[in-house]
Amino acid sequence: MRVKRKVGKNLDEFLKETFVDDLPPDVAVGMRERIERFRAGKTKSAATSAAWALILRRSAWAVLSILVLVAGILLQGSKSSSPLSDRISALKAEFSSFSTTRR
Amino acid sequence: MTEIDQNSGKGRALIRWLFAAAFLIAVIASGVFSGLMNKAGLLYLVFGSVATALMGFTGREIVTAFRQAAGVAGAEESLSKSAHFWEAAARNAWVLGALGSALNFTIALGSDSGGIADISNRMIGSFVVTLYGLVLAVICLVPAMKLAGKAEDRRLQGEARPVTEGARPKPIAARTMNIDRIIGYVLFAAVLVLTVLFLIGGQPQSGSLPMDKILLHWPAILVVIGGAIALALFMGAGTGARAWTLGFVMTGLIGLLAGVIQTLFGFVHRDITEVSTALSFIISASSLSLLGLVAVAAPLEDREVMEGRKERSGSLSRLFWAIFPLLTFIFLVLTFIMIVTPMEKPGG
Numbered sequence: 001m002r003v004k005r006k007v008g009k010n011l012d013e014f015l016k017e018t019f020v021d022d023l024p025p026d027v028a029v030g031m032r033e034r035i036e037r038f039r040a041g042k043t044k045s046a047a048t049s050a051a052w053a054l055i056l057r058r059s060a061w062a063v064l065s066i067l068v069l070v071a072g073i074l075l076q077g078s079k080s081s082s083p084l085s086d087r088i089s090a091l092k093a094e095f096s097s098f099s100t101t102r103r
Numbered sequence: 001m002t003e004i005d006q007n008s009g010k011g012r013a014l015i016r017w018l019f020a021a022a023f024l025i026a027v028i029a030s031g032v033f034s035g036l037m038n039k040a041g042l043l044y045l046v047f048g049s050v051a052t053a054l055m056g057f058t059g060r061e062i063v064t065a066f067r068q069a070a071g072v073a074g075a076e077e078s079l080s081k082s083a084h085f086w087e088a089a090a091r092n093a094w095v096l097g098a099l100g101s102a103l104n105f106t107i108a109l110g111s112d113s114g115g116i117a118d119i120s121n122r123m124i125g126s127f128v129v130t131l132y133g134l135v136l137a138v139i140c141l142v143p144a145m146k147l148a149g150k151a152e153d154r155r156l157q158g159e160a161r162p163v164t165e166g167a168r169p170k171p172i173a174a175r176t177m178n179i180d181r182i183i184g185y186v187l188f189a190a191v192l193v194l195t196v197l198f199l200i201g202g203q204p205q206s207g208s209l210p211m212d213k214i215l216l217h218w219p220a221i222l223v224v225i226g227g228a229i230a231l232a233l234f235m236g237a238g239t240g241a242r243a244w245t246l247g248f249v250m251t252g253l254i255g256l257l258a259g260v261i262q263t264l265f266g267f268v269h270r271d272i273t274e275v276s277t278a279l280s281f282i283i284s285a286s287s288l289s290l291l292g293l294v295a296v297a298a299p300l301e302d303r304e305v306m307e308g309r310k311e312r313s314g315s316l317s318r319l320f321w322a323i324f325p326l327l328t329f330i331f332l333v334l335t336f337i338m339i340v341t342p343m344e345k346p347g348g
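So the protein lines, in turn, are chains X and U. Okay, so the first sequence: first residue is 1 according to our numbering, each after it adds one. Okay, so the second sequence: first residue is 1 according to our numbering, each after it adds one.
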């Protein structure tokens with residue numbers, strides 16, 4: 001363990017001495033490519049998660065709107081009364097009785 | 001075009017408008033159409049049209065459209081945008097007319113009956129608002145057609161597109177809510193509330209049935225809102241504001257047809273409750289669909305055109321804007337007929 005650390009320390013010093021100036025061009029290009037790939041991967045995953053979030057949000061809205069639609073259809077089908085329909089019922093009854101009286 | 005030509009053009013346009021206004025005033029003053037007077041409906045339509053114009057257009061665009069309708073020259077793009085403004089004004093007047101009739105009809109139904117003849121009169125009187133809407137739409141279509149013709153002429157003459165960079169309208173960020181639009185929405189809400197209050201004030205109310213509840217038939221509200229949102233979502237963002245037009249019109253049409261079918265079943269079953277529930281559904285679904293069209297879909301489509309995201313409104317949207325208010329009117333007449341048609345109870 002101690003030997004390994006010593007070797008590592010020597011390697012660090014060796015690298016510092018060797019690359020005291022700029023990186024060699026081929027190494028710099030390679031590093032840039034690796035950094036680009038790393039960045040692209042990160043951006044892609046962010047875009048994918050944003051797309052998934054959008055799809056989930058849209059799906060939630062779609063499910064909610066369909067539920068609202070179905071609730072409306074069921075309510076209408078069950079002939080649930082409302083003040084407007086009560087009023088129309090009263091008027092229809094009035095018109096019917098008026099017609100009967102005229103006869 | 002010289003300055004003298006421009007001035008004479010403006011003068012001719014002014015004389016034409018003055019002549020039309022004088023003719024209109026003379027017709028109203030003659031009293032020939034006094035039976036067709038509905039002050040609340042007229043005020044609702046005029047202020048509602050102003051509000052809906054502000055909801056879809058900026059103040060500058062409206063001023064330009066008025067100036068060009070009065071004969072001021074402009075580049076092809078500017079003329080075609082002004083033509084779109086007048087076409088939108090005609091569309092709004094037509095839709096508002098049908099919406100006004102539906103609201104007026106509902107309020108006439110909800111008011112306390114002063115006898116069968118009285119309530120029938122009030123229901124028929126509500127149809128006049130559609131007539132006003134049609135007349136205003138025709139008036140607005142005149143400058144729309146003229147400006148569209150001028151823009152077409154400019155295009156055929158190969159005139160250069162809008163001149164300098166400085167004269168070009170500033171690009172507006174997509175989907176912004178500027179102050180004109182906010183004023184428009186506030187004014188529109190105020191017009192609707194004041195019209196309803198004015199109509200309620202002029203009619204005897206039923207004590208047991210408050211008017212705010214009469215205007216809300218929940219099944220229709222749920223179906224129209226749910227259906228419109230679902231259709232708009234399924235059509236996707238690429239369709240733009242047309243998805244909302246299609247959503248509201250389709251749910252409205254489905255509501256109208258479903259209502260009529262249920263009414264007919266009610267007549268066959270001799271069930272007054274079924275008939276009245278179905279008729280309420282027809283009235284409420286058509287009102288809400290028209291409201292969605294004029295307050296949500298139409299302003300969004302107008303912004304798309306004025307901001308250059310679309311060249312013009314979709315042909316399907318334009319077809320629906322023309323047909324749906326007409327269908328609403330026809331179904332309201334049918335509703336009136338079905339209300340006054342007597343029904344006998346089984347065995348009665």
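Backbone N, C-alpha and C define an ideal beta-carbon position, used for all residues, glycine too.
Counting other Cβ atoms within 10 Å of its Cβ, residue 299 of chain U reaches 16 or more and is therefore classed as buried. Against chain X, the beta carbon of residue 126 of chain U has no neighbour under 9 angstroms; the closest one sits roughly 14 angstroms away. For residue 192 of chain U, the enclosing alpha helix (DSSP H) stretches over residues 179-201. Collapsing the DSSP output to three states places residue 127 of chain U in coil. Closest in alpha carbon position to residue 67 of chain U, among U/54, U/56, U/55 and U/83, is U/83. Within the same chain, Cβ atoms closer than 6 angstroms to the Cβ of residue 242 of chain U are found at 314 and 317, the five residues on either side in sequence being excluded. Residue environment for residue 25 of chain X: exposed (fewer than 16 other C-beta atoms within 10 angstroms of its C-beta). By the Cβ neighbour-count rule, residue 24 of chain U is exposed, with fewer than 16 other Cβ atoms within 10 Å of its own. Note on geometry: alpha-carbon atoms of residue 41 of chain U and residue 268 of chain U lie some 36 angstroms from one another. Closest by C-alpha distance to residue 76 of chain U, out of U/330, U/260 and U/146, is U/146. Separation of residue 295 of chain U and residue 248 of chain U (C-alpha to C-alpha, rounded to the nearest whole angstrom) is 11 angstroms. The straight-line gap separating the alpha-carbon atoms of residue 125 of chain U and residue 50 of chain X is approximately 54 angstroms. The segment 131-142 of chain U and the segment 226-242 of chain U do not touch, with fewer than three beta-carbon pairs separated by less than 8 angstroms. 7 angstroms or more divides the Cβ of residue 84 of chain X from the Cβ of residue 289 of chain U. Taking 7 angstroms as the cut-off, the beta carbon of residue 79 of chain X is found closer than this to the beta carbon of residue 277 of chain U.
Contact between residue 260 of chain U and residue 282 of chain U holds: CB atoms are separated by about 7 angstroms, below the 8 angstroms threshold.
Shown in chain order are the members of the segment 231-247 of chain U whose Cβ falls below 8 angstroms from a Cβ of chain X: 233 and 234. Annotation for residue 49 of chain U: 89, 92, 93, 96 and 136 place their beta carbon closer than 7 angstroms to its own, counting only its chain and skipping 5 residues before and after. Listed along chain U, the residues sitting closer than 8 angstroms to residue 61 of chain X by beta-carbon distance are 229 and 233. Proximity of residue 131 of chain U to chain X, defined by a Cβ-Cβ separation below 7 angstroms, is not satisfied. In the three-state scheme derived from DSSP, where H, G and I count as helix and E and B as strand, residue 309 of chain U is classed as coil. Rounded to the nearest angstrom, the Cβ distance from residue 320 of chain U to residue 256 of chain U is 13 angstroms, too far for a contact under 8 angstroms. Against chain X, a Cβ distance below 8 angstroms from residue 200 of chain U picks out nothing, because the smallest value is about 14 angstroms. Under a criterion of Cβ atoms nearer than 8 angstroms, the residues of chain U adjacent to residue 66 of chain X are, in order, 226 and 230. A contact is defined here as three or more CB-CB pairs under 8 angstroms, and the segment 299-311 of chain U fails this definition with respect to the segment 120-134 of chain U.
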